[in-house]
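In the numbering used here, the protein residues as written are 425 to 545.
C-beta: ideal position from N, C-alpha, C; glycine also.
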Amino acid sequence: MTPEQLRSFCLSFNAVVEEFPFSRHPEVSTFKVLGKIFALTTLDARPLTVNLKCDPADAGRLREGHPELIVPGWHMNKRHWNTVTVDGGLPDRLVRELIEDSYDLVVAGLPRAERLRLDRP
């Protein structure tokens, strides 16, 4: 997955915005749904990685299955976040699924009224 594909896919979800909130690291992109981060990346980094929220039950399994490509989330809660290398080692389909899962987990944590605004009860 290229940086452009990563950005485009993250922005394809309902109510997502890209922001650059870190003054000390202006190159870091965050993708947010209703103010909550579901993906965090530096699009010009090599290798290209993205931090994604993950169900704790799945996080360990993913890390074991792809030990060099999926690791505990860098600078994030290691139980709930993975850092995923997305520039070729993993199938793009899996990367897209992990991004979508991250989005869905964040949306599931939103108040019901906000979920309804997104058409996701």
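Point to revise | Rounded C-alpha distance that separates Val530 from Ile461 | key: The sequence position of residue 530 within the sequence shown is 106, counting from 1. The sequence position of residue 461 within the sequence shown is 37, counting from 1. Using only the alpha carbons, I get a separation of about 8 angstroms.
**Study point:** C-alpha gap between Val510 and Arg485, whole angstroms
**Key:** Counting from 1 along the sequence shown, the entry for residue 510 is found at position 86. Counting from 1 along the sequence shown, the entry for residue 485 is found at position 61. Val510 and Arg485: Cα-Cα distance of roughly 18 angstroms.
Check your understanding: How far does the beta strand (DSSP E) with Glu492 in it reach, from first residue to last?
Key -> Here residue 492 is taken as the residue at index 68 of the sequence shown, counted from 1. Where Glu492 is concerned, there is no enclosing beta strand (DSSP E), given that its DSSP letter is neither H nor E.
Check your understanding: By a C-beta neighbour count over all protein chains shown, 10 Å radius and 16 as the cutoff for buried, is Thr465 buried or exposed?
Key -> Residue mapping note: residue 465 aligns to position 41 of the sequence shown, counting from 1. The residue is buried, with at least 16 neighbouring Cβ atoms inside 10 Å.
Check your understanding: What whole-angstrom Cβ distance do Asp479 and Pro427 have, given they're in contact under 8 angstroms?
Key -> Translated into positions along the sequence shown, residue 479 becomes position 55. Translated into positions along the sequence shown, residue 427 becomes position 3. Their Cβ separation, rounded to whole angstroms, is 26 angstroms, which puts Asp479 and Pro427 out of contact at 8 angstroms.
Check your understanding: DSSP state of Val457, grouped into three classes?
Key -> Counting from one through the sequence shown, the residue named residue 457 turns up at place 33. Val457 falls in the strand class under three-state DSSP.
Review point. From Ile523 to Arg448, what does the alpha carbon distance come to, in whole angstroms?
Key: Numbered from 1 along the sequence shown, position 99 holds the residue referred to as residue 523. Numbered from 1 along the sequence shown, position 24 holds the residue referred to as residue 448. Rounded to whole angstroms, Ile523 to Arg448 spans 26 angstroms at the Cα level.
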